[in-house]
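Visitor:
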């Protein structure tokens with residue numbers, strides 16, 4: 003079914019072209035016409051791929067998630083356990099301009115997902131994926147003797163995911179939430195796993 | 003200047019009447035006409051107090067912050083140090099229906115504040131207030147011997163605020179982020195302060 007494949011590929015191309023514009027200006031401020039122009043499409047041609055701006059935002063969120071995971075896989079390589087857990091967390095943290103832009107997409111997405119069950123389900127799928135990955139790394143880390151805490155893995159992961167989501171906010175709104183300070187918090191959280 | 007005082011009081015009354023409607027339905031979905039009706043005003047009468055929905059949202063955010071602090075003060079009473087720190091954190095956490103509604107206002111506010119410097123400044127002021135309060139409680143807790151960690155207070159507070167902001171997201175989007183699980187994370191974070 004070459005047509006369907008092409009359609010999905012085209013949607014990805016469009017999102018890759020426009021997500022940063024949405025992040026910088028905000029979904030409300032940009033028009034479908036401007037998004038089409040940014041992607042190099044004639045006005046109106048985007049509607050064949052996305053019914054509205056919310057659908058583009060959902061794809062932009064998925065794009066930020068996929069990009070994070072590609073970077074994390076590359077950074078982790080053959081590493082496992084605690085080292086792999088740390089690298090996954092670092093890729094989710096908004097530590098540079100690119101990831102701060104991704105955080106802006108994520109925040110806009112959250113606002114819409116509050117009132118759209120399908121978008122909320124996309125967010126839950128993302129969290130479920132990261133949660134499963136973290137569980138795997140924690141199990142390895144316990145085998146390696148790098149994690150010795152009596153705290154259940156679920157609580158450890160709840161704490162990590164809360165801090166990682168909170169960083170998306172604090173890095174954008176608190177000038178003091180520098181990469182160094184985010185990393186200091188991560189060091190504390192992971193350090194507490196081997197008391 | 004009785005007229006000005008009256009104006010501010012009226013704005014507060016309006017926000018108290020409408021903030022939960024905004025939280026439930028979303029700012030985009032409600033009209034100024036509906037907000038006026040909810041507040042018991044004639045259509046158009048709200049514009050004397052708020053220029054637009056974003057101004058109402060900013061006041062709703064301030065309302066959620068003020069309500070949190072009123073509850074925290076009441077809960078803390080004469081307590082100090084670690085006990086007071088725990089109670090402040092618990093009031094910020096979305097542990098019940100009321101605070102989950104407040105979290106919805108906060109998320110909508112974040113989305114707007116990304117593109118509005120004045121709203122972002124309001125958020126920063128809120129964080130600065132909580133940060134100062136936490137610094138005070140941590141100092142007391144160190145004097146009391148309840149906090150003995152070598153981790154600097156700034157890092158402790160960065161970690162607490164990240165987790166507290168993350169809870170606003172996770173409690174709304176992850177069905178597993180129950181009050182019990184949020185409290186387990188808080189116990190871990192505070193427990194790590196006296197290793």
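Chains as they are written, first to last, in the numbering used here: chain P, 3 to 197; chain Z, 3 to 197.
Backbone N, C-alpha and C define an ideal beta-carbon position, used for all residues, glycine too.
All figures in this text were calculated on a predicted structure; none of them were measured in a lab.
1. Under the rule that 16 or more other beta-carbon atoms within 10 Å means buried, what is residue 49 (chain Z), buried or exposed?
2. DSSP on residue 53 (chain P), reduced to helix/strand/coil?
3. Just the chain P side, please: which residues come within less than 8 Å of residue 157 (chain Z) by C-beta, in chain order?
4. Below 8 Å on C-beta distance, what does residue 175 (chain Z) contact in chain P?
5. Taking C-alpha atoms, which residue in P:47, P:172, P:97, P:20 lies nearest to residue 9 (chain P)?
6. Using only alpha-carbon positions, find the residue among P:95, P:23, P:20 that is nearest to residue 173 (chain P).
7. With DSSP run on the structure shown, which of helix, strand or coil describes residue 83 (chain P)?
8. Using a cut-off of 7 Å between C-beta atoms, extract the partners of residue 169 (chain P) located in chain Z.
9. Which stretch, first to last residue, makes up the alpha helix (DSSP H) that contains residue 129 (chain Z)?
10. How far does the alpha helix (DSSP H) with residue 38 (chain P) in it reach, from first residue to last?
11. Interface residues of chain P around residue 54 (chain Z) at Cβ under 9 Å?
12. Establish whether the CB of residue 197 (chain Z) and some CB of chain P are separated by less than 8 Å.
13. Please confirm if the stretch 28-35 of chain Z is in contact with the stretch 180-194 of chain P, defined as three or more CB-CB distances below 8 Å between the two stretches.
14. What first and last residue would you give for the alpha helix (DSSP H) that runs through residue 167 (chain P)?
15. Step through the CB atoms of chain P and report whether any lies within less than 8 Å of the CB of residue 109 (chain Z).
16. Applying the 10 Å Cβ sphere with the 16-neighbour rule, what's the burial state of residue 113 (chain P)?
17. Which residues in the same chain have their Cβ closer than 6 Å to the Cβ of residue 82 (chain P), if we skip the five residues on either side of it in sequence?
18. Taking Cβ-Cβ distances shorter than 7 Å, what residues in chain P pair up with residue 28 (chain Z)?
19. Short check: CB of residue 115 (chain Z) to CB of residue 125 (chain Z), under 8 Å?
20. Can you find the residues in the same chain that come closer than 7 Å, C-beta to C-beta, to residue 102 (chain P), ignoring five residues on each side of it along the sequence?
21. Rounded to whole angstroms, what's the CA-CA distance from residue 25 (chain Z) to residue 75 (chain Z)? Just pull it up for me.
22. Given that residue 106 (chain P) touches chain Z, what residues does it touch there, using C-beta distances under 8 Å?
23. Please report the straight-line C-alpha distance between residue 67 (chain P) and residue 128 (chain P), rounded to a whole angstrom.
24. Is the shortest distance between the beta-carbon of residue 138 (chain P) and the beta-carbons of chain Z less than 8 Å?
25. For residue 121 (chain Z), which of Z:56, Z:195, Z:14 has the nearest alpha-carbon?
26. Do residue 187 (chain Z) and residue 161 (chain P) come within 8 Å of each other at the CB atom, strictly closer than that value?
27. Might you give, ordered along the chain, the residues of its own chain that have their beta carbon closer than 6 Å to the beta carbon of residue 13 (chain Z), omitting 5 neighbours on each side?
28. Can you give me the start and stop residues for the alpha helix (DSSP H) that residue 193 (chain P) sits inside?
29. Output needed in chain order: residues of the stretch 65-91 of chain P with a Cβ under 9 Å from some Cβ in chain Z.
30. The alpha helix (DSSP H) spanning residue 115 (chain P) covers which residue range?
31. Among Z:15, Z:86, Z:61, which residue has its Cα nearest to the Cα of residue 73 (chain Z)?
32. Helix, strand or coil for residue 45 (chain P)? Go by DSSP, reduced to three states.
33. If residue 166 (chain P) sits next to residue 168 (chain Z), beta carbons under 8 Å apart, how far is it from one beta carbon to the other, in whole angstroms?
34. In angstroms, rounded to a whole number, what distance separates the CA positions of residue 17 (chain P) and residue 79 (chain P)?
35. Smallest Cα separation from residue 197 (chain Z): which of Z:178, Z:149, Z:181, Z:155?
36. Using only alpha-carbon positions, find the residue among Z:132, Z:40, Z:11 that is nearest to residue 22 (chain Z).
Guide: The answer reads as follows:
1. exposed
2. For residue 53 (chain P), the secondary structure class from DSSP, reduced to helix, strand or coil, is coil.
3. For residue 157 (chain Z), the C-beta contacts it makes with chain P under 8 Å involve 183, 186, 187, 190, in order along the chain.
4. 112, 115, 122, 125, 126, 129
5. P:47
6. P:95
7. helix
8. 164
9. 119-146
10. 34-40
11. The contacting residues do not exist; residue 54 (chain Z) stays about 12 Å from chain P at best.
12. yes
13. Verdict: no, contact absent.
14. Unbroken alpha helix (DSSP H) run through residue 167 (chain P): 155-175.
15. yes
16. Answer is buried; the Cβ neighbour count reaches 16.
17. 142
18. 116, 117
19. yes
20. 96, 173, 174
21. Cα-Cα distance, rounded: 24 Å.
22. What residue 106 (chain P) touches in chain Z: 116.
23. 7 Å
24. Not an interface residue.
25. Z:56
26. yes
27. Non-local beta-carbon contacts of residue 13 (chain Z) in its own chain, meaning distances under 6 Å to residues more than five positions away in sequence, involve 51 in chain order.
28. Run containing residue 193 (chain P): 181-193, per the alpha helix (DSSP H) assignment.
29. Within the stretch 65-91 of chain P, no residue qualifies.
30. 99-115
31. Z:86
32. coil
33. 7 Å
34. 27 Å
35. Z:149
36. The shortest Cα separation from residue 22 (chain Z) among Z:132, Z:40, Z:11 belongs to Z:40.
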